[in-house]
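Below: one structure, written as structure tokens.
Number of protein chains: 2
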Amino acid sequence: MIRYSGQTRVLVAVDCIIFGFDGDHLKILLIQRGFEPEIKKWSLMGGFIQPEESLDQAANRILKQLTGLEGVYLEQMQAFGDPKRDPLERTIGIVYFALIDIHQYEKQISHEYHAEWFLLDLAPNLIFDHAEMVAMAKQKLRYKAALHPILFELLPEKFTVPQLQNLYEGIYGASFDKRNFSRKLLSTGLLIRQKEKDKENSKKGAFYYILDKERYKNNFQAFFNFVPNPENLIL
Amino acid sequence: MIRYSGQTRVLVAVDCIIFGFDGDHLKILLIQRGFEPEIKKWSLMGGFIQPEESLDQAANRILKQLTGLEGVYLEQMQAFGDPKRDPLERTIGIVYFALIDIHQYEKQISHEYHAEWFLLDLAPNLIFDHAEMVAMAKQKLRYKAALHPILFELLPEKFTVPQLQNLYEGIYGASFDKRNFSRKLLSTGLLIRQKEKDKENSKKGAFYYILDKERYKNNFQAFFNFVPNPENLIL
DNA sequence: ATTTTTAAGTGTTAATTAGACACCAATTAA
DNA sequence: TTAATTGGTGTCTAATTAACACTTAAAAAT
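Taken in order, these protein sequences are the chains called A and B.
Each step along the first sequence adds one to the number in our numbering, with nothing skipped, and position 49 is 1002.
Each step along the second sequence adds one to the number in our numbering, with nothing skipped, and position 147 is 1100.
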């Protein structure tokens, strides 16, 4: 077999940052690493790419292994390639971030891994450069969510406007005027009000909404302005 | 040396998409590949990562090899990892895109490579998945330039407002009202008007401007709205 | 010398959007 | 029946955006 001679071959790992939302706070799913080095330390879920799979396939495989979920929001974020990032052997890390409905996860939790949800802001020390990866993902999530309708991916199929507002407020660590917020959201035309109400969180009850999936797909790239004064919040 | 056993090691290449602007059109710098497979075919400038360099270092090295330039705008875009993307041997491609002042390049052109500028829309067939990379970079450039002040990186130190407008119009394939355009640009506070005029392009002459570098750095992440009706133009 | 040509430069108005603001409604618990 | 809690909504003002046309400077042509 002819090959490129004289070049270094390295390991390539795919690491997934899995975001969830518990109704009040953003969380990330971490595992206790099962092998050396840094065994038992908290880590992103990752794995080496296999000979016949693409990067996207690897990310989906890893996500499925840990959560059992398929077809969730998954986006490649950045490649990390510091020569010393893995002390054992040079490894390029390709980071993906995923947004999942945390409740879906709880039903299908994998018992192969010691996995745990952590509040994003109270996560433990992570191995290698994983903390840097998480920080970048948080930044990217804020950026993207201010312009595009991606946060729905963190919510169950039926959700209420106050839940949605909680999510936005959690992500930006700010509070928004609910009149303006709900007007903005509803004016996108992406939400369809249901007949039932959610009675869990209030006496009065809040109407459930579902996504208009057709419009959601078509408007996924559209520019919205979900967050007031984004300059102050994103940076 | 202890290593991760049973895993596949692969080549990692860094490929650079180098954009320039000739005053009328966006261009990209391509080279004729100097080795098999696909020798003599047009290709992005790239190379394999070396044992002791990070991805960013590799990208800067490659950029310098080809253009002689350092300190230019360079951003990691995306990793490409289809298992068959390089027919000879599995290679992960990490793509960067660079914005350079094309005139700087002409002074320092490297003669090691058969390099040539092509109009972005009239580029020749490219090897492997390089065309896909270029398409994505073009998309990303449009996206980012609509919100952030990055296109200055394509212009010489002194430039005129009409030149700038030409650049924007070239990138979006649209024409903008010059009154609105110049008002928007000048209202960013990023431009400092010079005393001299550029007399090359008109009888009357257009004032030169330079970037206020301090403000440019501070506002690099700020949200602007350089492009009217971006929804129609970016997608 | 005057006129023509060409691109640069600038101001106003109308429509839309964003953000600040406060009250009423529904339900349950006391 | 009253109080407490959360959901839901409307108006006004300010800011932003986009549409629009004329004047100016300088060189070239007559």
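Positions of the beta carbon are idealized from the N, C-alpha and C atoms, including for glycine.
- Message: I'd like to know whether the C-beta atoms of residue 1144/A and residue 1179/A end up nearer to each other than 9 Å.
- Response: Here residue 1144/A refers to the residue found at position 191 when the first sequence is read from its first residue. Here residue 1179/A refers to the residue found at position 226 when the first sequence is read from its first residue. Not a contact, by the Cβ cut-off of 9 Å.
- Query: Within 10 angstroms of its Cβ, does residue 996/B collect 16 or more other Cβ (buried), or is it exposed?
  - Reply: Indexing the second sequence from 1 puts residue 996/B at position 43. So residue 996/B counts as buried.
- Query: By the criterion of Cβ-Cβ separation under 9 Å, what are the contact partners of residue 1004/A in chain B?
  - Reply: By 1-based counting over the first sequence, the position of residue 1004/A is 51. 961, 963, 1036, 1043, listed in chain order.
- Message: By the DSSP assignment, the beta strand (DSSP E) with residue 1092/A in it spans what residues?
- Response: Working through the first sequence from its first residue, we reach residue 1092/A at position 139. Per DSSP, residue 1092/A belongs to no beta strand (DSSP E); it is in the alpha helix (DSSP H), 1083 to 1100.
- Task: Could you tell me which chain A residues have their CB closer than 7 Å to the CB of residue 1184/B, listed as they occur along the chain?
- Result: Here residue 1184/B refers to the residue found at position 231 of the second sequence. Within chain A, the residues near residue 1184/B are 1175, 1176.
- For a contact meaning CB atoms closer than 7 Å, what does residue 1047/B contact in chain A? In the second sequence, counting from the first residue as 1, residue 1047/B sits at position 94. Residues of chain A passing the Cβ test: 1032.
- Task: Output the boundary residues of the alpha helix (DSSP H) element that contains residue 1020/B.
- Result: Here residue 1020/B is taken as the residue at index 67 of the second sequence, counted from 1. Residues 1008 to 1020.
- Message: Between the alpha carbons of residue 1189/B and residue 964/A, how many angstroms are there, rounded?
- Response: The first residue shown for chain B is 954 and the last is 1188, placing residue 1189/B beyond what the model contains.
- Item | Cβ of residue 956/B within 9 Å of any chain A Cβ | The residue given as residue 956/B occupies position 3 in the second sequence. Taking Cβ atoms only, chain A reaches closer than 9 Å to residue 956/B, which makes this a yes.
- Task: Identify which residue in 1101/A, 1115/A, 1148/A, 1005/A has its Cα closest to the Cα of residue 1171/A.
- Result: Here residue 1171/A corresponds to residue number 218 of the first sequence, with the count starting at 1. Of 1101/A, 1115/A, 1148/A, 1005/A, the smallest CA-CA separation from residue 1171/A is found for 1101/A.
- Simplified DSSP assignment, three categories, for residue 1104/A: Taking the first residue of the first sequence as 1, we reach residue 1104/A at position 151. Helix.
- Task: Report the rounded CA-to-CA distance for residue 976/B versus residue 1074/B, giving the unit in angstroms.
- Result: Here residue 976/B is taken as the residue at index 23 of the second sequence, counted from 1. Here residue 1074/B is taken as the residue at index 121 of the second sequence, counted from 1. Straight-line Cα distance between these residues: approximately 15 Å.
- Query: With a cut-off of 8 Å, do at least 3 Cβ pairs link the segment 1023 to 1032 of chain A to the segment 1040 to 1059 of chain A?
  - Reply: Cβ pair count under 8 Å is three or more, so yes.
- Item | Minimum C-alpha distance to residue 1071/A - residue among 1109/A, 1010/A, 956/A, 983/A | Taking the first sequence and counting its residues from 1, one reaches residue 1071/A at position 118. Residue 1071/A has its Cα closest to that of 983/A, out of 1109/A, 1010/A, 956/A, 983/A.
- residue 985/A - containing beta strand (DSSP E), residue span: Counted from its first residue, the first sequence places residue 985/A at position 32. Residues 979 to 985.
- Give me the Cα-Cα distance between residue 1118/B and residue 1127/B, rounded to the nearest whole angstrom. Working through the second sequence from its first residue, we reach residue 1118/B at position 165. Working through the second sequence from its first residue, we reach residue 1127/B at position 174. In a straight line, the C-alpha of residue 1118/B is about 10 Å away from that of residue 1127/B.
- Rounded to whole angstroms, what's the CA-CA distance from residue 1094/B to residue 1176/A? Just pull it up for me. As a first step, residue 1094/B is located in the second sequence; it is residue number 141 there, counting from the start. As a first step, residue 1176/A is located in the first sequence; it is residue number 223 there, counting from the start. Distance between the alpha carbons of residue 1094/B and residue 1176/A: 16 Å.
- Query: Around the Cβ of residue 1182/A, are there at least 16 other Cβ atoms within 10 angstroms (buried) or fewer (exposed)?
  - Reply: In the first sequence, residue 1182/A corresponds to position 229, counting from 1. Residue 1182/A is exposed by the Cβ-count criterion.
- Hey, residue 1038/A and residue 1009/A are a contact pair by Cβ (cut 8 Å); roughly how many whole angstroms apart? Residue 1038/A sits at position 85 when you count from the first residue of the first sequence. Residue 1009/A sits at position 56 when you count from the first residue of the first sequence. So it is not a contact: roughly 22 Å between Cβ atoms.
- Are there 16 or more other CB atoms within 10 angstroms of the CB of residue 974/A, so buried, or fewer, so exposed? As a first step, residue 974/A must be located in the first sequence, where it is residue number 21. Flag for residue 974/A reads buried.
- Message: So residue 1029/A contacts chain B; which residues on that side make the cut at Cβ distance below 7 Å?
- Response: Counting from one through the first sequence, the residue named residue 1029/A turns up at place 76. Within chain B, the residues near residue 1029/A are 1031, 1032.
- Message: Assuming residue 1168/B is part of the alpha helix (DSSP H), what are its boundary residues?
- Response: Your numbering for residue 1168/B matches position 215 in the second sequence. Taken as a continuous stretch (DSSP letters only), the alpha helix (DSSP H) holding residue 1168/B covers 1166 to 1171.
- Item | Cβ-Cβ distance between residue 1149/A and residue 1097/A below 9 Å | The count along the first sequence starts at 1 and reaches residue 1149/A at position 196. The count along the first sequence starts at 1 and reaches residue 1097/A at position 144. No, Cβ-Cβ distance for residue 1149/A and residue 1097/A is not below 9 Å.
- Task: On the DSSP bridge assignment, give the partners of residue 1113/A in chain order.
- Result: On the first sequence, residue 1113/A is found 160 positions in, with the first residue counted as 1. In DSSP, residue 1113/A forms a bridge with 1161/A.
- Message: Classify residue 1088/B: buried if its beta carbon has 16 or more other beta carbons within 10 angstroms, exposed otherwise.
- Response: Here residue 1088/B is taken as the residue at index 135 of the second sequence, counted from 1. Classification for residue 1088/B: exposed.
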